[in-house]
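Q: Once you've had a glance at the structure underneath, I'll fire off some questions.
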Amino acid sequence: MKVTRTVLSSNEKKQLKRAFYFRIIFLGFIGLPLASILVILFLEENFMILAIVFLVILFLLYKYVFSFYIQSKKNLYATHKLVVETKVLSIEKQLLTKGFRFFVITEFIKIDSWNCTLHNTKLTFDKLYNGMLLELHLIENNAVDLLEMKEIN
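In my numbering, the protein residues as written are 5 to 157.
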């Protein structure tokens, strides 16, 4: 395993910016209608239980959703990335009702295909195999956004 710190290219910065704006637009399409429905129900019904449900939803949003968007915002200001040369130790493929899910364990990190974003899809998870040498491009302090995944010959 070899870890190298390099400067982000302008293309990678554009990818991160595009991903951030896409995520904000997605949040707007999903979050604003949901929030407006909850506010309208709260104003019309005026039940204490509805207020408690609203607070619980806000807490869950703060804990799980907003932290994701804060990390995406931090990615915009990243200047360096980590290039990790590592080996696939094991790969598990699960067929679920929503599709395939891959768990890839390398010498450096454990990757869950449903919990990470692969920005450059030249090499996808279904092409990985045990013992394969990989070059992972990651943002520092963020293992969720994989900039690129390449096979080392």
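Ideal Cβ placement from N, Cα and C applies to all residues, glycine included. Quantities reported herein were computed from a predicted structural model and do not represent experimental measurements.
With C-beta atoms as the reference, is Thr121 less than 8 Å away from Val92?
A: No.
Q: I'd like to confirm the pairing. Which residues does DSSP put opposite Asn145 in its beta bridges?
A: For Asn145, which the question treats as bridged, DSSP gives no partner whatsoever.
Q: Could you tell me the alpha carbon to alpha carbon distance between Leu45 and Val57, rounded to whole angstroms?
A: Taking the straight line joining both Cα atoms gives about 11 Å.
Q: Drop a sphere of 10 angstroms on the beta-carbon of Val108, count the other beta-carbons inside from all chains shown, and report buried for 16 or more, exposed for fewer.
A: Buried: at least 16 other Cβ atoms inside 10 Å.
Q: At the level of alpha carbons, what is the spacing between Phe33 and Glu155?
A: Between Phe33 and Glu155, the C-alpha separation is close to 37 Å.
Q: In terms of alpha-carbon separation, which member of Glu89, Ala23, Tyr81 lies closest to Ile113?
A: The option with the nearest alpha carbon to Ile113 is Glu89.
Q: Measure the beta-carbon distance from Thr8 to His84 and round it to whole angstroms, keeping in mind my assumption that it falls under 8 Å.
A: Thr8 to His84, Cβ: 10 Å. No contact.
Q: Applying the 10 Å Cβ sphere with the 16-neighbour rule, what's the burial state of Gln98?
A: Exposed, by the Cβ-count rule.
Q: Using DSSP's beta-bridge definition, name the partner residues of Ser94.
A: According to DSSP, which records beta bridges pairwise, Ser94 is partnered with Ile109.
Q: Who are the near neighbours of Asn124 in its chain, counting only those whose CB is closer than 6 Å to its CB and skipping five residues on each side?
A: Only Glu152 meet the Cβ criterion.
Q: Among residues of its own chain, excluding the 5 on either side of Asp116, which ones have a beta-carbon nearer than 7 Å to its beta-carbon?
A: Answer for Asp116: Phe107, listed in chain order.
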